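If you read the sequence shown in my numbering, its first letter stands for residue 1, the second for the next number, and so on. Glycine included, every Cβ here is placed at the ideal spot set by N, Cα and C. Since the structure is predicted, the reported quantities are computational estimates derived from the model, not experimental observations.
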Amino acid sequence: MKDEKKSVTFFSRRVLLKTLGLSVAGAITGCTPNKPLLMSVSRHLRLARVRVSPDRVIRTVVGLRPYRASGFVVRADRFDEKTVVHNYGHGGGGITLSWGSAHLAAELAGRTGHRQAAVLGCGALGLATARLLQRQGWMATIYARDLPPQTTSNIAGAQWSPTSVFDPGKTSAEFDEQFLQAMRLSYRYFQDMVGDRYGVRWVSNYILHDKSAPPGGLVGQHPEMYPETLLLGPGEHPFPTPYALHYYTMFIEPAVYLNAVLRDFLEAGGKIMVRELKSREDVLALTEPLVVNCTGLGAYNLFGDKELTPIKGQLTVLLPQHDVDYLLIHQGFYMFPRRDGILLGGTFDQGNWNLEPDLEAEHRILDAHADVFRRMTLPTL
Ligand SMILES: Cc1cc2nc3c(=O)[nH]c(=O)nc-3n(C[C@H](O)[C@H](O)[C@H](O)COP(=O)(O)OP(=O)(O)OC[C@H]3O[C@@H](n4cnc5c(N)ncnc54)[C@H](O)[C@@H]3O)c2cc1C
């Protein structure tokens with residue numbers, strides 16, 4: 001896919017108004033020739049506050065992100081007559097990268113000339129891979145120990161952004177290329193799934209900042225995949241820091257999304273075998289000539305990949321709030337508004353395999369969010 005880098009749309013609203021020779025009041029009332037653009041800026045001031053309190057907590061959940069410092073694995077291995085295509089280890093960005101990574105894995109599968117596949121795993125990676133193989137005419141069977149809603153993929157937030165996927169100092173040039181391809185492909189695949197059926201929607205995301213600085217990380221590097229990037233200055237947003245970086249992102253509701261893809265798979269004639277594969281020998285004994293390994297953290301034992309390590313993440317979920325429809329990231333914490341509840345998160349505990357919730361982490365998450373929303377300005381427009 002061609003690199004279509006374009007320049008960042010990065011400006012503060014004050015700069016914008018000055019450039020246009022307009023007053024803030026004029027922009028807010030919309031009495032200007034540039035009404036649509038300016039109204040879209042003033043809408044940032046009309047955000048509802050999340051009601052954070054312990055009596056609104058409906059559950060606390062834990063998931064283990066399948067992380068590899070050198071990045072995810074998409075690679076084909078030959079074992080006698082069988083080919084195993086690996087597709088695992090996507091860290092904190094597995095939902096985001098699922099379709100792009102599955103696309104790369106399906107390309108490797110296509111080179112074998114077979115048309116019958118065993119897909120190991122029924123999380124985001126297994127489901128996307130199985131569906132793409134079906135679309136290319138394969139007969140696919142999913143073998144999995146857990147089905148949705150029991151997978152890590154069900155725990156994910158999930159915003160479309162491939163973050164916490166690798167350590168930038170530890171990747172190869174080949175991986176960097178795969179990552180970019182998977183990111184771009186996924187960005188495009190998910191756009192075709194926007195709507196109620198798959199539970200995917202575009203939503204505003206705000207990252208709070210104390211200082212004015214151009215966007216860093218993936219937002220700065222790939223503005224073409226973070227539309228309407230805009231630095232809001234003091235008085236231009238309701239949050240208690242001087243600056244808030246805004247961009248649009250796709251937001252995926254895992255409970256809706258995974259069920260919908262699973263339904264598509266079954267309707268297209270796919271079969272599911274609920275079973276745990278205990279060893280590589282178990283895998284090689286499967287009847288299908290092509291196996292795609294989408295076992296996430298399971299590949300640690302199944303294929304002996306000791307670079308894989310969990311990054312434990314804990315989420316405290318509040319009662320749903322239908323007036324809140326934006327994402328917020330502040331000091332490593334995040335708030336994602338899902339239909340099944342308001343997710344409050346922000347723990348990244350590397351090397352921790354413990355799936356039990358940690359009470360101290362829950363308090364930390366609740367306190368940090370209570371503080372930011374208590375100090376947020378209520379809408380006045
Ligand atoms: C708190 C939290 C927040 C996150 N937020 C985001 C986000 O906002 N955006 C985003 O893109 N990502 C996010 N992620 C990351 C995302 O959840 C993972 O990257 C993704 O779920 C990995 O998907 P997977 O299909 O590889 O693994 P899984 O969902 O874990 O699926 C693995 C499958 O393999 C099966 N399996 C494993 N071992 C075996 C075996 N031996 N035999 C048979 N079956 C086996 C399992 O039963 C399961 O079906 C988040 C993760 C956490 C924990």
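Put simply, of Leu208, Ala117, Gln321 and Gln191 the residue whose alpha carbon is nearest the alpha carbon of alanine 140 is Ala117.
Remark: fewer than three beta-carbon pairs, one from each stretch, lie closer than 8 Å, so the region 241-256 and the region 99-112 are not flagged as touching. Nearest to proline 168 by C-alpha distance, out of Arg68, Arg184 and Val62, is Arg68. Annotation for tryptophan 160: no alpha helix (DSSP H) segment contains it, and DSSP assigns it neither H nor E. Under the three-state reduction of DSSP, threonine 241 is assigned to coil, being neither helix nor strand.
Of the candidates Asn87, Gly346 and Leu208, the residue whose Cα lies closest to the Cα of aspartate 77 is Asn87. Secondary structure of proline 337 (DSSP, three-state): strand.
Less than 9 Å separates the beta-carbon of glycine 89 from that of glutamate 307. At the C-beta level, histidine 114 and glutamate 267 stay beyond 9 Å of one another. Bridge partners of alanine 117 according to DSSP: Ala140 and Leu290.
Cβ neighbours of aspartate 305 within its own chain (closer than 7 Å, five residues either side excluded): Ala299.
Look at the beta carbons and you see the region 341-354 touching the region 58-74: at least three pairs across the two are nearer than 8 Å. When beta bridges are read from the DSSP output, phenylalanine 79 appears opposite Lys82. As far as DSSP is concerned, threonine 152 takes part in no beta bridge. In this chain, the alpha helix (DSSP H) harbouring histidine 369 covers 359-374.
In the structure shown, asparagine 259 adopts helical secondary structure according to DSSP, grouped into three states. Bridge partners of asparagine 87 according to DSSP: Val74.
Counting C-beta pairs with one atom in each stretch, the region 247-266 and the region 232-239 have fewer than three that are closer than 8 Å, which means they do not touch. With contacts defined as CB atoms closer than 9 Å, phenylalanine 190 and valine 203 fail to qualify as a contacting pair. For a cut-off of 8 Å, the C-beta gap from histidine 363 to leucine 232 is around 30 Å, too long to register as a contact. Setting aside the 5 residues that flank it on each side, arginine 375 is surrounded in the same chain by Pro240, each with a C-beta closer than 6 Å to its C-beta; the list follows chain order. With distances taken between CA atoms, isoleucine 365 lies nearest to Gly345 out of Phe373, Gly296, Ala156 and Gly345. At the C-beta level, tyrosine 198 and proline 227 stay beyond 9 Å of one another. According to the DSSP assignment, arginine 201 belongs to no alpha helix (DSSP H) but to the beta strand (DSSP E) extending over 200-209.
Contact check between the region 321-337 and the region 153-160: three or more CB pairs, one atom from each, fall below 8 Å, which counts as touching. Pairing leucine 125 with serine 164 gives a Cβ-Cβ distance that is not under 9 Å. Short of 8 Å from the beta carbon of glycine 137, and not among the five residues preceding or following it, lie these beta carbons of its own chain, in chain order: Arg115. By the 16-neighbour rule on beta-carbons within 10 angstroms, leucine 133 is buried. In the structure shown, glycine 195 adopts extended strand secondary structure according to DSSP, grouped into three states. For the 9 Å CB-CB criterion, valine 274 and valine 283 do not form a contact. Ligand 1 never approaches tyrosine 187 closely enough for any of its heavy atoms to be under 8 Å from the residue's Cβ. Rounded to the nearest angstrom, the Cβ distance from isoleucine 342 to isoleucine 207 is 18 Å, too far for a contact under 8 Å. Residue pairing of leucine 64 in beta bridges, as defined by DSSP: Lys312. Annotated as distal: valine 50 and valine 317, with beta-carbon spacing of 9 Å or more. By a beta-carbon distance limit of 8 Å, isoleucine 142 contacts valine 119. Their separation comes to about 5 Å. With a threshold of 16 other beta carbon atoms within 10 Å, histidine 322 falls short and is exposed.
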